[in-house]
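Only one structure is covered here, and it is reproduced in the block below.
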Amino acid sequence: MSEPVLIAENLTQEYVLKGGMFGQDRIVRALTGASFSLEAGKTLAVVGESGCGKSTLARCITMIEEPVAGSFILNGKKAGPDTHDELRTSVQIVFQDPYGSLNPRQRCGQILEEPLIINHPEMPREERTRRAREVLELVGLRPEHFDRYPHMFSGGQRQRIAVGRALMLEPKVLVLDEPVSALDLSIQSQVLNLLVDLQERLGLAYLFISHDLSVVKHIADDVIVMYLGRPVEIASKEDLFEHQRHPYTKALLSATPMADPTLRKQRIKLTGELPSPVNIPPGCPFSPRCWKATEKCRTERPELDTGAHRAACHFPE
Amino acid sequence: MALLEVRNLSVDFETTSGRFRAVDGFDLTLDPGDITAVVGESGSGKSVAFLAMMGLLPWTATITSDVMKFDGNDLRSITPRSRRQIIGKDMSMIFQEPMTSLNPCYTVGFQIKEALRIHLGMDRKARHARAIELFEQVGIPAPETRLSTFPHQMSGGMNQRVMIAMAIACKPKMLIADEPTTALDVTIQAQILELLTSLQEETGMALVLITHDMGVVAETAQQVSVQYAGQKCEQQEVTALFERPHHPYTAALLAALPERATTKHLPTIPGVVPGQFDRPKGCMFAPRCSIATELCHTTPPPVGGAEIGFARCHTPINLKAEEEA
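One line per chain: the protein sequences are A and B, in this order.
Letter by letter, the first sequence follows residues 11 to 327 of my numbering.
Letter by letter, the second sequence follows residues 920 to 1244 of my numbering.
In structure tokens, the structure reads:
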């Protein structure tokens, strides 16, 4: 368990916004300096608001996009253009919207077999079908579902197919990009249970991206809190929910509604909105909304400190 | 007299594959100053019921009810002309997606002033002043410059504020907020909810909050009505509902919340919400219910009394121990 399957070093991703004929090109700093490691059988949750770089991180890890700086090591191999082909099979992704991520013109069976057709073209058809049926059972669908089209399934079942498709190549790491946020509460718990089961049986490592802190609290082992493309706090789940060191994490937790009417707590009110990632404020990115910000915060960018519970703040608690 | 009284409201849709009953026997009574939440999963008919009251459903919908009264007006027999004088003024609604509910061709200032012109007949100067006042009220910074921006130039949170400003422009007696925060981030959600409740306190309007988020319900509502498959299955005061749900569906829904989980496995509700073709004969929830009896599968349950939260159930539960499970 000690050897991490995924080690990311300083991952950075930028996009260029074309300024048109007269304007200047602008750079969107979507992800800056993300470093973490992930062990087999563990779940690392990435939380943050929209625009904080969660999905960009997912796209870098799944090698959909090449990061502009930084690197990561998967399965002991450094990811790069020359190793992409062999590494891509060991990390798979499940997208947020099960309605948009399945081809409506393919049957469930075809959807499941497609990764094998592409990656193992030499595999005989019977073998392929056998594996697809195995996975179908693994994700809790019935054999008769094999020949159905996606529109015949409910949202929860579709998400099961999406998870099944991700499992076809027997990956080591599964990137889950908001896998339950499009689902209803009663279905959400079914899918979460499925994910917990699969992790136990197959020893998968999850990179779980979510904005819902109650789901994260339930499923994660470690948590990274991101703000404007930067990790601002990294800790184990217990530490993070027990004691937040970064003011943003504190505000995020206090803003999350708790399903307990007797507990109407005082919220930390954040004023303003997330600044655009095109012009990230100098200094601490959170300083314009922070109630503790001083002159130092506005001019000098805090780095993540070291230790088990890391925070990027000049005045951590 | 109640501000809004609805008895036995049903909405049917004519679809190519036959009739579909989206809302089945919906009851609601609202007094001024009430905050009521309507909770349910997608497809439970919560939005449709309120769209029916607003008269915003397409012609394929058939609306029937015993009583549908708002502020002394009978909404069943009202002429379209007089309905238009009520909706948007005394009874207004905040729609779910601010990005698609605002007209992209007009500035937000134009859209908010339109309501003021048509309903209140204000002159240009008064409209402008009122629009700025409204923007300040909902917490939009630099209101004067924001009036001349288009919806696509603003973020989702800001657009949602514009929607709220528009809905409260004519000081409504009842405000229906249809999932006002689902498209927003949690920190913005907290701001918007705070805004809605403070507006409600200030103006004393009745607020209806349509949502699927139990956390939002717990933090804002006074009364909660739980919808399932078009029917109301339970209505209670919020603390009582969370402490002692009487309908098995409510109990199961609360148990499925990740934050209430005690083990790595969450309690689940097996199966899915019934659709158009597999509506059960008896209780709508019977196929998924853990304590369903033979009776539940064959006979629709009656609506219970106030002491069991009007639970539509043959076997209502109210033991304190059961909600822990």
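Think of the CB as a built atom: it goes at the ideal place given N, C-alpha and C, for glycine as much as any other residue.
One Cα belongs to residue 1178(B), the other to residue 226(A), and the distance between them is close to 9 Å.
Residues of the segment 192-205 of chain A with a Cβ closer than 8 Å to any Cβ of chain B, in chain order: 194, 195, 196, 197, 198, 199, 200, 202 and 203. Distances from the CA of residue 186(A) to each of 53(A), 180(A) and 80(A) were compared; the closest alpha carbon is that of 53(A). Rounded to the nearest angstrom, the Cβ distance from residue 25(A) to residue 15(A) is 28 Å, too far for a contact under 8 Å.
Straight through space, the alpha carbons of residue 22(A) and residue 1190(B) are spaced by roughly 43 Å. The C-beta distance from residue 192(A) to residue 106(A) rounds to 6 Å, short enough to meet the 8 Å contact threshold. Looking at the DSSP output, residue 925(B) shares a beta bridge with 947(B) and 987(B). The DSSP assignment places no complete beta strand (DSSP E) segment of no fewer than 3 residues inside the segment 1014-1093 of chain B. Contact annotation for residue 960(B) against chain A: 194, 195 and 196 [CB-CB distance below 7 Å, chain order].
With at least 16 other beta carbons inside 10 angstroms of its own, residue 267(A) counts as buried. Contact between residue 1211(B) and residue 1153(B) does not hold, since their C-beta atoms are separated by about 16 Å, which reaches or exceeds 8 Å. Contact annotation, residue 1050(B) with residue 1039(B): C-beta distance approximately 12 Å; criterion of less than 8 Å not satisfied. Per DSSP, residue 25(A) lies in no alpha helix (DSSP H) segment; the continuous beta strand (DSSP E) that holds it begins and ends at 14-27.
An exposed status is given to residue 1023(B), since fewer than 16 other beta-carbon atoms sit within 10 Å of its beta-carbon. Residue ranges of uninterrupted alpha helix (DSSP H) with 4 or more members, entirely inside the segment 928-982 of chain B and ordered along the chain, are 965-973. Runs of the beta strand (DSSP E) lying entirely within the segment 55-136 of chain A, each at least 3 residues long, are 79-84 and 101-104 in chain order. The beta carbon of residue 110(A) sits no closer than 9 Å to any beta carbon of chain B.
For residue 277(A), the nearest CB of chain B lies under 9 Å from its own CB, placing it at the interface with that chain. Rounded to whole angstroms, the Cβ separation of residue 1145(B) and residue 959(B) is 7 Å, and the two are in contact under 8 Å.
Going by DSSP, residue 1133(B) is part of the alpha helix (DSSP H) stretching over 1133-1139. By the neighbour-count criterion, in which 16 or more other beta carbons inside 10 Å mark a residue as buried, residue 32(A) falls on the exposed side. For residue 270(A), the nearest beta carbon of chain B is closer than 9 Å to its own beta carbon.
Taking a Cβ-Cβ threshold of 9 Å, none of the residues of chain A is close to residue 964(B); the smallest such distance is about 14 Å. Residues of chain B with a Cβ closer than 8 Å to the Cβ of residue 262(A) are, in chain order, 1105 and 1106.
The three-state secondary structure of residue 157(A), taken from DSSP, is helix. Remark: C-beta atoms of residue 277(A) and residue 1113(B) approach each other more closely than 9 Å. For the set 922(B), 934(B) and 1097(B), the Cα lying nearest the Cα of residue 950(B) is the one of 922(B). Under the Cβ distance rule, residue 229(A) counts among the residues neighbouring chain B, one pair being separated by less than 9 Å. In the structure shown, residue 46(A) falls within a strand segment according to DSSP collapsed to helix, strand and coil. The segment 254-267 of chain A makes contact with the segment 314-327 of chain A; the number of CB pairs closer than 8 Å reaches 3 or more. Listed in chain order, the non-local C-beta contacts of residue 156(A) below 7 Å within the same chain comprise 118, 119, 143 and 146, local neighbours out to five positions each way being set aside. Taking 9 Å as the CB threshold, residue 1171(B) lines the interface with chain A. Burial check for residue 283(A): the Cβ neighbour count within 10 Å reaches 16 or more, so the residue is buried. Under a criterion of Cβ atoms nearer than 7 Å, the residues of chain B adjacent to residue 267(A) are, in order, 1132, 1134, 1135, 1137 and 1138.
Contact check for residue 298(A) against residue 312(A) fails: the beta carbons are separated by 9 Å or more. Taking C-beta atoms as the reference points, residue 989(B) and residue 964(B) fail to come closer than 9 Å.
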